[in-house]
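Participant:
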Amino acid sequence: MSVTTSPASEPQAVPARLATPPVTTARTADESQEVGANVDPHLVCLLEPSSEHAESYYRLRYGLEKRRVEDSALVVGVTSPSPGDGKTLTGINLAGALAKDSGARVLLLDLDLRRGGDGVSEYLDMRSKQERGIVDWIRETDGDETPHTHFLRRFNLHVVTAGSNPELPYELLKSSRLDELVRRARREFDFVIIDAPQILDLPDTELIARLVDGFLIVVKADRTRQRRLEEALNLMTEDKVLGLVFNAVAGQEQ
Ligand SMILES: Nc1ncnc2c1ncn2[C@@H]1O[C@H](COP(=O)(O)OP(=O)(O)OP(=O)(O)O)[C@@H](O)[C@H]1O
Ligand SMILES: [Mg+2]
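Residue 1047 is where the sequence shown starts when you use the working numbering, and the numbers rise one by one after that.
1. Closer than 8 Å: is that where the CB of Thr1207 sits relative to any heavy atom of ligand 1?
2. When you compare each of Arg1256, Pro1212, Ala1208 to Asp1225 by their alpha carbons, which one comes out closest?
3. Would you give the residue range spanned by the beta strand (DSSP E) that Asp1247 belongs to?
4. Give me whichever residues DSSP pairs with Asp1225 in a beta bridge.
5. I need the boundaries of the beta strand (DSSP E) containing Asn1280, first residue and last residue.
6. Can you tell me the Cα-Cα spacing of Gly1260 and Met1282, whole angstroms?
7. Under a three-way DSSP split, which group does Pro1068 fall into?
8. Is the separation between the beta-carbon of Leu1153 and that of Gly1209 shorter than 9 Å?
9. Going by DSSP, what residues sit across from Ile1198 in a beta bridge?
10. Please classify Asp1190 as buried or exposed, where buried requires at least 16 neighbouring CB atoms within 10 angstroms.
11. What did DSSP end up calling Asn1293 once you bin it into helix, strand or coil?
12. Going by C-alpha distance, which of Val1124, Val1287, Glu1094 is nearest Ala1242?
13. Out of Pro1127, Gly1132, Leu1144, Val1181, state which residue places its alpha-carbon closest to the alpha-carbon of Asp1247.
14. Starting from the C-beta of Ala1062, find all residues in its chain whose C-beta is less than 6 Å away, skip the five residues before and the five after it, and write them out in chain order.
15. Among all the DSSP beta bridges, which residues are the ones paired with Val1238?
16. Per DSSP, which residues does Leu1092 bridge with? Please list them.
17. Count the other CB atoms within 10 Å of the CB of Leu1203; is the residue buried (16 or more) or exposed (fewer)?
18. Measuring straight from C-alpha to C-alpha, what distance separates Phe1237 and Val1258?
19. Between the alpha carbons of Ile1145 and Glu1116, how many angstroms are there, rounded?
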């Protein structure tokens, strides 16, 4: 497989500072023994970080490290015009590439709430953890201050799963608890990678836009129609588009 990037705008020349030691929230659990035995084989940055397939994700990592400003996480949404373009695969591989720096604090946050256990949790073999996800936490307004954060030590990666399938994803994504969570994550992490839903036909990603510094927009080669991409880009303000990721370029799929 191959991913190539075509940045929509030049990244700011701001050096990343990733040397600070990992900070974990009180509710972060080390689940290195329980999770990840059957990680999806397409997650090359987790399973074969030195492979040729993983290289293109390191290019993405480099672009984000340059963009990050000191003392705050860079919060990046990974989205695409339509379902199935490769958002989740790209987002997890990118988070994995960033987390190869042992000093980096990386959070993968699943906000594709409608997919429940079929998104990040399935790729990372974490379906058994679904009930402790972001949906459940937003609903428990008198519950803990932060959602349960799983720490996958093997990959140096913190993960908040989506949780139970919500009846009203719009209401949940509008919740001020989510704003508070991302504000807190900006202080505790270097990078927050958000698995977002598709842009078209749903309001979700437009709601998520307020939380992120920008989006990477995944375009699946030979699949995403140009008109769909144009419609999707029209729904984004230019400053929120960090770049396009060309996924699964012909002959180079994983
Ligand atoms: N580069 C790739 N090489 C091979 N298979 C890929 C690649 N990218 C995506 N796929 C496959 O395409 C399918 C969709 O990928 P993925 O789940 O990442 O897409 P998505 O955009 O997150 O989908 P959804 O909108 O349903 O959440 C999966 O079966 C995945 O394995
Ligand atoms: Mg997905």
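Glycine residues also receive a C-beta, built at the ideal position from the N, C-alpha and C atoms.
Facilitator: In short:
1. Working through the sequence shown from its first residue, we reach residue 1207 at position 161. Ligand 1 never approaches Thr1207 closely enough for any of its heavy atoms to be under 8 Å from the residue's Cβ.
2. Here residue 1225 refers to the residue found at position 179 when the sequence shown is read from its first residue. Residue Arg1256 is the option with its Cα nearest to Asp1225.
3. For the purposes of this step, residue 1247 is taken as the residue at position 201 of the sequence shown. From DSSP, Asp1247 is part of no beta strand (DSSP E); its letter is neither H nor E.
4. Sequence index remark: in the sequence shown, residue 1225 carries index 179 (1-based). Answer is none; Asp1225 lacks a bridge partner.
5. One-based indexing of the sequence shown puts residue 1280 at position 234. Run containing Asn1280: none in the beta strand (DSSP E); it sits in the alpha helix (DSSP H), 1272-1280.
6. Residue mapping note: residue 1260 aligns to position 214 of the sequence shown, counting from 1. Residue mapping note: residue 1282 aligns to position 236 of the sequence shown, counting from 1. Those two C-alpha atoms are separated by around 10 Å.
7. To locate residue 1068, count along the sequence shown from 1; it is residue 22. Residue confidence is low: Pro1068 scores 31 on pLDDT, short of 50, so the model does not pin down where it sits. Its coordinate-derived value is still stated next. Reduced to three states, the DSSP call for Pro1068 is coil.
8. Indexing the sequence shown from 1 puts residue 1153 at position 107. Indexing the sequence shown from 1 puts residue 1209 at position 163. In this structure, Gly1209 does not lie closer than 9 Å to Leu1153 by Cβ.
9. If you number the sequence shown from 1, residue 1198 lands on position 152. Here residue 1198 is Leu; the residue named in the question, Ile, does not match the sequence. Per DSSP, Leu1203.
10. Numbered from its first residue, the sequence shown carries residue 1190 at position 144. Asp1190 comes out exposed.
11. Walking along the sequence shown from the start, residue 1293 turns up at place 247. Residue state, collapsed to three classes: strand.
12. As a first step, residue 1242 must be located in the sequence shown, where it is residue number 196. That would be Val1124, whose Cα lies nearest to the Cα of Ala1242.
13. Here residue 1247 refers to the residue found at position 201 when the sequence shown is read from its first residue. Minimum Cα distance to Asp1247 is reached at Pro1127.
14. The residue given as residue 1062 occupies position 16 in the sequence shown. The pLDDT assigned to Ala1062 is 29, lower than 50, so where the model puts this residue is not dependable; a value taken from the coordinates is nonetheless given after this. Around Ala1062: Glu1111, Arg1114.
15. For the purposes of this step, residue 1238 is taken as residue 192 along the sequence shown, with counting starting at 1. For Val1238, which the question treats as bridged, DSSP gives the partners Val1121, Leu1153.
16. Along the sequence shown, one-based indexing puts residue 1092 at 46. None; Leu1092 has no bridge partner.
17. Reading the sequence shown from its first residue, position 157 is the one you call residue 1203. It is buried - the Cβ of Leu1203 has at least 16 other Cβ atoms within 10 Å.
18. Here the question's residue 1237 lines up with position 191 in the sequence shown. Here the question's residue 1258 lines up with position 212 in the sequence shown. Answer to the nearest angstrom: the Cα atoms are 11 Å apart.
19. Reading the sequence shown from its first residue, position 99 is the one you call residue 1145. Reading the sequence shown from its first residue, position 70 is the one you call residue 1116. The question names Ile, yet the displayed sequence has Ala at residue 1145. The straight-line gap from Cα to Cα measures roughly 17 Å.
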